[in-house]
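Trainee: In my numbering, the protein residues as written are 116 to 419. I have a structure I would like to understand better, so I am pasting it below and will then ask my questions one at a time.
If you want it as structure tokens, here you go:
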């Protein structure tokens, strides 16, 4: 049996890798897709856009692409790039889904929009998207300072929106995937868990910091000149949380990601880092997250 997300995306397991800028490249996306999930490639960087073509030398399974609407709203030629790369699944985010959904559909693509509020979900439904990623404020990266947690947001949207839902924020294993199913999801998206995988191309220092994080290991930074971001509470982030920052914190991010300099920038990471205790192969992460969720649900029934 398959649920709506599995059918829509053509995957064995409805487990999606988050489209992290600079990180969501061909090698990681291909590993996730080869494992039966859906790898997603970012399109904000030239390297990411090139990888939309390069990934086909690594897998013939479905691979998605991310379209950050704010970054591309004045340049619809990105759709030509997606068509050339034979992309069939596009995850839109950070903007009005009405700007691109019809054009993506006309090009034969499935559109999944990322939302962090009920209002955003309703707007995406009106735009005609095919599914939603519902992302709680505990997830890593850019967030609304007023956002709700996944446990609140996911059932709220599931009760009022008749679209297949993918849960994001706080997901790292079978137990959290099982909880997401109970709350109304038919799939899960993971970023931080995929960062702490063998195939992620980030520096060991970043992966080690995720594994070392406890339940107070991240902070939602909301500083002037910077969008609110959930990041690891280490290095530069710890210092600017106390002292403030005069410049955008996203500068120097590649030095942190790929050279391991935790003082060069801030590390976008979700609260779920506190539950990640080892670096694992992507294949083990993808399969166990969904297959073992059934056992987690059965165990929960027994306790009930």
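Every residue, glycine too, gets a C-beta built ideally from N, C-alpha and C.
(1) Using 8 angstroms as the limit for Cβ to Cβ distance, is residue 398 near chain B?
(2) Between the C-alpha atoms of residue 342 and residue 257, what's the straight-line distance to the nearest angstrom?
(3) Mind checking which residues open and close the beta strand (DSSP E) that includes residue 344?
(4) Could you spell out the range, first to last residue, of the beta strand (DSSP E) harbouring residue 304?
(5) For residue 132, report the span of its beta strand (DSSP E) as first-last.
(6) Using the Cβ count rule (16 or more neighbours within 10 Å means buried), how would you classify residue 346?
(7) Quick one: Cα of residue 379 to Cα of residue 356, how far?
(8) Can you check whether the CB of residue 382 is closer than 8 angstroms to the CB of residue 395?
(9) Less than 8 angstroms separating the beta-carbons of residue 296 and residue 236?
(10) Under a three-way DSSP split, which group does residue 320 fall into?
(11) Are residue 206 and residue 184 touching if we call contact CB-CB under 8 angstroms?
(12) What's the C-alpha gap between residue 244 and residue 182?
(13) In whole angstroms, what separates the C-alpha of residue 227 from that of residue 286?
(14) For residue 253, which three-state DSSP category applies?
(15) Taking Cβ positions, are residue 421 and residue 307 nearer each other than 8 angstroms?
(16) Taking only three categories from DSSP, how would you classify residue 234?
(17) In or out: residue 162 buried (at least 16 other Cβ within 10 Å) or exposed?
(18) Residue 116: buried (16+ other C-beta within 10 angstroms of its C-beta) or exposed?
(19) Are the CB atoms of residue 317 and residue 150 nearer to each other than 8 angstroms?
(20) Does residue 122 pass the burial test, meaning 16 or more other C-beta atoms within 10 Å, or should it be called exposed?
(21) Can you give me the C-alpha to C-alpha distance between residue 417 and residue 131, rounded to a whole angstrom?
(22) Taking the C-alpha atoms as reference points, what is the distance between residue 190 and residue 196?
(23) Thinking C-beta only, is residue 155 closer than 8 angstroms to residue 133?
(24) Determine the direct distance from the alpha carbon of residue 404 to that of residue 252, and round the result to whole angstroms.
(25) Can you name the residues that DSSP bridges to residue 208?
(26) Roughly how many angstroms lie between the CA atoms of residue 335 and residue 221, to the nearest whole one?
(27) Skipping 5 residues on each side, what residues in its chain have a beta carbon closer than 6 angstroms to that of residue 390?
(28) Could you tell me whether the Cβ atoms of residue 427 and residue 269 are closer together than 8 angstroms?
(29) Whose CA, out of 313, 348 and 294, lies closest to the CA of residue 409?
(30) Look at the Cβ atom of residue 209, then the Cβ atom of residue 173, and state whether they are nearer than 8 angstroms.
Mentor: Let's see:
(1) Protein chains in the displayed structure number just one, and chain B is not present.
(2) Looking up residue 342 in the chain shown gives position 227. Looking up residue 257 in the chain shown gives position 142. Cα-Cα distance, rounded: 7 angstroms.
(3) In the chain shown, the residue the question calls residue 344 occupies position 229. Secondary structure note for residue 344: its beta strand (DSSP E) is the uninterrupted segment 344-347.
(4) On the chain shown, residue 304 is found 189 positions in, with the first residue counted as 1. Run containing residue 304: 302-305, per the beta strand (DSSP E) assignment.
(5) Your numbering for residue 132 matches position 17 in the chain shown. Residues 130-132.
(6) Translated into the one-based positions of the chain shown, residue 346 becomes position 231. Residue 346 comes out buried.
(7) Taking the first residue of the chain shown as position 1, residue 379 is located at position 264. Taking the first residue of the chain shown as position 1, residue 356 is located at position 241. Roughly 15 angstroms between the two C-alpha positions.
(8) Within the chain shown, numbered from 1, the residue matching residue 395 stands at position 280. Within the chain shown, numbered from 1, the residue matching residue 382 stands at position 267. For the pair residue 395 and residue 382, the CB atoms are not nearer than the 8 angstroms cut-off.
(9) In the chain shown, counting from the first residue as 1, residue 296 sits at position 181. In the chain shown, counting from the first residue as 1, residue 236 sits at position 121. It is not a contact, given that the beta carbons lie outside the stated cut-off.
(10) Here residue 320 corresponds to residue number 205 of the chain shown, with the count starting at 1. Helix at residue 320.
(11) Indexing the chain shown from 1 puts residue 206 at position 91. Indexing the chain shown from 1 puts residue 184 at position 69. Result no, Cβ atoms of residue 206 and residue 184 do not sit closer than 8 angstroms.
(12) Your numbering for residue 244 matches position 129 in the chain shown. Your numbering for residue 182 matches position 67 in the chain shown. Cα-Cα distance, rounded: 13 angstroms.
(13) Taking the first residue of the chain shown as position 1, residue 227 is located at position 112. Taking the first residue of the chain shown as position 1, residue 286 is located at position 171. For residue 227 and residue 286, the distance between alpha carbons rounds to 18 angstroms.
(14) For the purposes of this step, residue 253 is taken as the residue at position 138 of the chain shown. Coil.
(15) Missing from the structure shown is residue 421; the chain here goes from 116 to 419 and no further.
(16) What you label residue 234 is simply residue 119 of the chain shown in a count that begins at 1. In the structure shown, residue 234 sits in a helix (DSSP, three-state: H, G or I).
(17) As a first step, residue 162 must be located in the chain shown, where it is residue number 47. Exposed.
(18) In the chain shown, the residue the question calls residue 116 occupies position 1. Counting Cβ neighbours within 10 Å, residue 116 comes out exposed, since fewer than 16 surround it.
(19) Taking the chain shown and counting its residues from 1, one reaches residue 317 at position 202. Taking the chain shown and counting its residues from 1, one reaches residue 150 at position 35. In this structure, the beta-carbon distance from residue 317 to residue 150 does not fall below 8 angstroms.
(20) The count along the chain shown starts at 1 and reaches residue 122 at position 7. Per the 10 Å Cβ criterion, exposed.
(21) Walking along the chain shown from the start, residue 417 turns up at place 302. Walking along the chain shown from the start, residue 131 turns up at place 16. Each residue's Cα considered, the two are about 29 angstroms apart.
(22) Position 75 of the chain shown, counted from the first residue, corresponds to residue 190. Position 81 of the chain shown, counted from the first residue, corresponds to residue 196. Each residue's alpha carbon lies about 11 angstroms from the other.
(23) As a working note, residue 133 is residue 18 in the chain shown. As a working note, residue 155 is residue 40 in the chain shown. Against a cut-off of 8 angstroms, the Cβ pair of residue 155 and residue 133 comes out as a contact.
(24) Here residue 252 refers to the residue found at position 137 when the chain shown is read from its first residue. Here residue 404 refers to the residue found at position 289 when the chain shown is read from its first residue. Approximately 21 angstroms between the Cα atoms of the pair.
(25) As a working note, residue 208 is residue 93 in the chain shown. Bridge partners of residue 208: 183.
(26) Within the chain shown, residue 335 is the residue found at index 220, counting from 1. Within the chain shown, residue 221 is the residue found at index 106, counting from 1. Approximately 38 angstroms, taken between the alpha carbons.
(27) Position 275 of the chain shown, counted from the first residue, corresponds to residue 390. Counting only Cβ-Cβ distances below 6 angstroms, and skipping sequence neighbours, we find 287.
(28) A question about residue 427 goes unanswered here, because the residues of the chain that appear run from 116 up to 419.
(29) Reading the chain shown from its first residue, position 294 is the one you call residue 409. Here the closest residue by C-alpha is 294.
(30) One-based indexing of the chain shown puts residue 209 at position 94. One-based indexing of the chain shown puts residue 173 at position 58. No; because the gap between Cβ atoms is not below 8 angstroms, this pair is not in contact.
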